[in-house]
Amino acid sequence: MMRITTQMLNESARKAGLPVNGTSLLNYINGNSNNTLLNALNKSSATDAATKTKYEKLEKAADQLSEAASVFMATGEDSLFSKARESGDNQDVYNAVEDFVGKYNSTLSALKNTSGTLNDYYSQMLKSAASDNKEALENIGITIAKDGSLSVDKDKLKEADIDTLEKVLGNTKGFTQKAAYVADRVSDNAHTNQSSLSSQYSSTGSLYSALASKYNLYG
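Numbering (our numbering), first residue to last: 173 to 391.
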């Protein structure tokens with residue numbers, strides 16, 4: 173049986189275009205500190221893992237925003253506004269507004285942290301949905317900061333009557349509806365990117381393991 177030598181491995185590496193630099197291919201496979209190939213693989217895996225985590229957080233934030241927005245879109249006797257009229261207590265509406273604003277801001281922040289052309293586009297869509305309704309939102313105590321985030325003046329919110337709150341927030345073509353629409357798209361995109369990154373990570377990990385396993389046989 174022919175024994176595979178370091179010289180033979182190095183020659184194979186040269187033919188394959190792998191760097192040798194006076195160090196045996198076995199050392200490269202076993203994690204030599206100067207290993208350009210494995211350093212690149214490890215760096216790529218770490219980057220992919222970090223990006224995947226960002227997309228996981230983005231998907232969660234977007235799902236929560238969509239859920240918070242959907243509270244305002246129910247119709248009929250079971251709607252948030254109908255129940256408030258029946259009970260004469262608007263507190264559940266106020267709570268829903270604060271929850272929605274918090275989830276909106278979290279999604280904007282997650283989009284910024286994740287970055288990317290499509291995420292930047294979705295961020296702009298969310299901001300536009302708010303700015304298109306700026307005056308109406310301000311009338312019920314919701315203001316828009318320079319960075320696009322929202323804040324709630326609780327006292328002014330409570331000054332608005334239930335009909336005004338429903339007109340601004342319950343409109344099926346209004347702000348909350350648009351925010352829910354964008355949030356669903358953000359969530360879908362985030363989920364798709366997670367799947368893609370998971371596939372790439374597994375591929376890189378498998379390549380590393382295969383290389384190490386193959387050449388350790390001749391150690």
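Note that the Cβ used here is the ideal one computed from N, Cα and C, for glycine as well.
For residue i: DSSP bridge partner residues
i: LEU322; result: ILE316
Cβ shell of residue i (< 8 Å), same chain only, five flanking positions each side left out
i: ALA352; result: LEU237, SER238, ALA241, SER242 and MET245
i: THR348; result: ALA241, PHE244, MET245, PHE272, LEU341 and GLY342
i: THR225; result: none
i: GLY248; result: SER254
Cutoff 8 Å: residue i Cβ touching any chain C Cβ
i: VAL358; result: Although the question refers to chain C, the structure presented lacks it and comprises just one protein chain.
Cβ neighbours of residue i in the same chain (closer than 6 Å, five flanking residues each side left out)
i: ILE314; result: LEU322 and VAL324
i: ASN305; result: PHE347
i: GLU338; result: PHE253
i: ALA302; result: ILE316
i: ASP292; result: none
i: SER371; result: none
Contact set for residue i: own chain, Cβ-Cβ below 7 Å, skip 5 residues either direction
i: LYS284; result: SER295
i: LYS280; result: Note that residue 280 is Leu in the sequence shown, not Lys. Once the five neighbours on either side are set aside, the close Cβ partners of LEU280 are SER295, LEU298, GLY320 and SER321.
i: ALA317; result: SER323
DSSP state of residue i mapped onto helix, strand, coil
i: ASP356; result: helix
i: SER242; result: helix
i: THR247; result: coil
i: SER196; result: The pLDDT assigned to SER196 is 49, lower than 50, so where the model puts this residue is not dependable; a value taken from the coordinates is nonetheless given after this. DSSP places SER196 in coil when its eight states are reduced to three.
i: ASN267; result: helix
i: ASN305; result: coil
i: THR344; result: coil
i: ALA332; result: coil
i: ASN262; result: coil
Residue i and residue j closer than 8 Å at C-beta
i: TYR227; j: ASN365; result: yes
i: SER359; j: ASP235; result: yes
i: ALA282; j: LYS229; result: yes
i: ALA268; j: ASN262; result: no
i: GLU231; j: ALA355; result: no
i: ALA221; j: SER278; result: no
i: LEU329; j: ILE312; result: yes
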